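First residue of the sequence shown: 80, per this note's numbering; consecutive thereafter. Ideal Cβ placement from N, Cα and C applies to all residues, glycine included. From a predicted model like this one, the values you see are computed outputs, not experimental measurements. For reference, the structure discussed in these notes is given below.
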Amino acid sequence: MRVFHGFDALPHFTHPAVTVGSYDGVHSGHLALLRTLADTARAQGGESVVLTFEPHPRITLGKAEGLRLLTSLEEKTCLLERQGIDNLIVIPFDRAFSSLSPDEFIRSYLVQRVGAEALVVGFNHRFGRDKQGSYDYLGSHGFGLRVVEVGECDVDAEKVSSTVIRRLVAQGDMARAARLLAHPYLVIGTAERNRIRTDEPLKLLPPPGEYDVHIGDIPARLSVGAAQELIIRDGCPDGRAVLTF
């Protein structure tokens with residue numbers, strides 16, 4: 080997967096099918112949308128392109144109080160690559176970008192800079208300044224895009240959303256969180272002397288306790304301390320560590 084930061088040095092994409100979103104967690108609802116994206120790109124002989132934001136829009140908009148993230152940018156990139164996405168564009172989400180109208184965003188960025196031919200959106204996707212844009216907006220403004228809408232996702236009759244999964248992780252219910260994610264909960268950090276340090280200050284970790292995890296393919300026992308320190312009881316090689324619950 081190719082990763083681009085910003086819009087200034089993008090290559091020519093072949094018949095791109097595009098989706099836009101925070102994709103925090105890259106959960107089972109996101110995966111349904113990503114499969115549709117891949118199918119749409121393949122059907123038009125083109126490439127799949129995901130646009131995501133860094134930092135999270137709530138941080139830029141001053142609404143980050145209480146926000147905890149399921150995935151850092153590195154973790155999100157890893158999970159998207161596993162889905163076979165061809166290209167990821169990381170949008171620097173600053174105040175100027177947040178003030179774009181839906182029309183400006185679609186015409187100036189998706190169409191002119193990315194060259195989007197199809198846009199895949201979730202059933203409740205909103206975009207642009209004050210979230211003015213919607214599926215109906217896209218269909219009525221004649222942007223020359225084929226718009227594909229993906230419906231709501233549930234697992235075992237439970238609605239899937241980043242908010243629901245955050246609550247499960249915060250409660251330490253890692254098995255149910257993994258079921259809604261459709262993959263184990265992922266933490267990427269740096270291991271030193273059996274401790275793992277995460278780089279994302281807003282990364283959501285489970286509450287203090289003992290957890291069965293894997294470091295790569297190796298089973299291990301993790302202790303989460305009161306100050307959210309991560310300690311591997313069985314020992315862990317120093318360096319970059321990929322931890323799954």
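Buried is the label assigned to Thr156, since at least 16 other Cβ atoms lie within 10 Å of its Cβ. Phe92 sits in coil when the DSSP states are folded into three classes, being neither helix nor strand. Per the C-alpha coordinates, the member of Gly85, His94, Ala261, Glu144 positioned closest to Ser127 is His94. A straight-line Cα-Cα distance of about 18 Å links Asp278 and Pro171. Ranked by how close their Cα comes to the Cα of Gln191, the residues Thr150, Ser178, Gly223 have Gly223 in first place. Only buried fits Leu167, as 16 or more other CB atoms lie within 10 angstroms of its CB. Per the coordinates, the alpha-carbon of Arg225 lies some 34 Å from the alpha-carbon of Arg147. Around the CB of Gly124, fewer than 16 other CB atoms lie within 10 Å, so the residue is classed as exposed.
Secondary structure at Leu322: strand, using DSSP grouped into helix, strand and coil. Taking 8 Å as the cut-off, the Cβ atoms of Leu159 and Val129 count as close. A check of alpha carbon separations from Asp296 across Val200, Leu179, Phe324, Glu154 identifies Phe324 as the nearest.
The residues Met80, Ser127, Val129, in chain order, have a CB closer than 6 Å to that of Ile164 in the same chain once the five nearest residues on each side in sequence are set aside. When C-alpha distances from Val303 are compared across Ile267, Asp317, Val97, Pro287, the shortest belongs to Pro287. For Ala175 against Val97, the beta-carbon gap comes to about 21 Å, at or over 8 Å, which does not count as contact.
Per DSSP, the unbroken beta strand (DSSP E) holding Ser127 starts and ends at 127–133.
By the Cβ-count criterion, Ser187 is exposed, with fewer than 16 other Cβ atoms from all chains shown falling within 10 Å of its own Cβ.
Note that the C-beta distance between Leu110 and Val199 is not below 8 Å.
By alpha-carbon distance to Pro316, the top candidate from Tyr290, Ala270, Ala305, Leu152 is Ala270. Around the beta carbon of Leu140, fewer than 16 other beta carbons sit within 10 angstroms, so the residue counts as exposed.
Counting of Cβ neighbours within 10 angstroms places Ala320 among the buried residues, the total reaching 16 or more. A direct Cα-Cα distance of roughly 15 Å separates Leu189 from Ala120. Assignment of beta strand (DSSP E) within the region 221–267, counting only whole runs of 3 or more residues, yields 225–229 in chain order.
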